[in-house]
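Below is one structure, written out as structure tokens; the observations come after it.
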Amino acid sequence: KIDTRKSVLDLEAFREMLHISPRIPNQSFADLPTEEEVLDFLRFLGHSHDIRYLTDVNVNTLYQPWRSFASVINKCLTGKSSGVNSFRLSQAQLLWGFYHRINIEFAYLIWEDFMYQVEHKSQKRSNKMNYPRFTKVVINYFMTRKPSISRRNRIHWHYVRDDA
Numbered sequence: 001k002i003d004t005r006k007s008v009l010d011l012e013a014f015r016e017m018l019h020i021s022p023r024i025p026n027q028s029f030a031d032l033p034t035e036e037e038v039l040d041f042l043r044f045l046g047h048s049h050d051i052r053y054l055t056d057v058n059v060n061t062l063y064q065p066w067r068s069f070a071s072v073i074n075k076c077l078t079g080k081s082s083g084v085n086s087f088r089l090s091q092a093q094l095l096w097g098f099y100h101r102i103n104i105e106f107a108y109l110i111w112e113d114f115m116y117q118v119e120h121k122s123q124k125r126s127n128k129m130n131y132p133r134f135t136k137v138v139i140n141y142f143m144t145r146k147p148s149i150s151r152r153n154r155i156h157w158h159y160v161r162d163d164a
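In this text, residue positions in the sequence shown follow the UniProt record's numbering: the first is 1, and each later residue adds one.
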């Protein structure tokens, strides 16, 4: 018998999938930086062009170590490996959080970026949405919590444990 109940993928489920919680129990996440704070941070990192808005930021104009780190974030979240590498606010906030080692809610930022891609999918030339790094986590999460899901065609599943 096939399970016809719907499963909801929301921020809470995503946070649980990634095992992200505050480091210290009962201590909430730090506030995210505003766009202006992020722009000041990018200037501090040595962005070589004038920045008035986040859309003015090109990852390729940062100093080498920060350019590499920002490109990794961009590649992991968007799948882009070439072209003008610009940041969305959520991606720049990830870099800010990593740099300052502040307990920000990374799951929320990844979720925001994910939802941006879902909402703007029709504006892209292709019909693809590049989030391969998370599909295995999502599939594993639902397959371990929903034993009633048919396992007949498991040959095409992508589990995290398959990477080991």
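We put the CB at the ideal spot given by N, CA and C, even for glycine.
Would you grab the beta carbon distance between residue i and residue j for me? Rounded to a whole angstrom, and I think it's under 8 Å.
{"i": "residue 89", "j": "residue 35", "result": "6 Å"}
{"i": "residue 63", "j": "residue 45", "result": "7 Å"}
{"i": "residue 54", "j": "residue 87", "result": "6 Å"}
{"i": "residue 67", "j": "residue 59", "result": "6 Å"}
{"i": "residue 96", "j": "residue 41", "result": "5 Å"}
Rounded to whole angstroms, what is the Cα-Cα separation between residue i and residue j?
{"i": "residue 144", "j": "residue 111", "result": "21 Å"}
{"i": "residue 138", "j": "residue 14", "result": "8 Å"}
{"i": "residue 142", "j": "residue 43", "result": "42 Å"}
{"i": "residue 114", "j": "residue 77", "result": "8 Å"}
{"i": "residue 93", "j": "residue 73", "result": "11 Å"}
{"i": "residue 16", "j": "residue 69", "result": "26 Å"}
{"i": "residue 27", "j": "residue 108", "result": "16 Å"}
{"i": "residue 9", "j": "residue 61", "result": "36 Å"}
{"i": "residue 119", "j": "residue 100", "result": "30 Å"}
Within the continuous alpha helix (DSSP H) that includes residue i, where are the two ends?
{"i": "residue 221", "result": "Because the chain here runs from 1 to 164, residue 221 falls outside it and cannot be looked at."}
{"i": "residue 110", "result": "106-119"}
Task: In chain order, each alpha helix (DSSP H) run of at least 4 residues that lies wholly inside the region 11-74 - done: For the region 11-74, whole alpha helix (DSSP H) runs of length 4 or above, ordered along the chain, are 11-17, 35-44.
Open item on the list: Using a Cβ distance threshold of 8 Å, determine whether the region 42-60 contacts the region 24-34, with at least three qualifying pairs required.
Closed with: Note that the region 42-60 does not touch the region 24-34; fewer than 3 beta-carbon pairs, one per stretch, sit closer than 8 Å.
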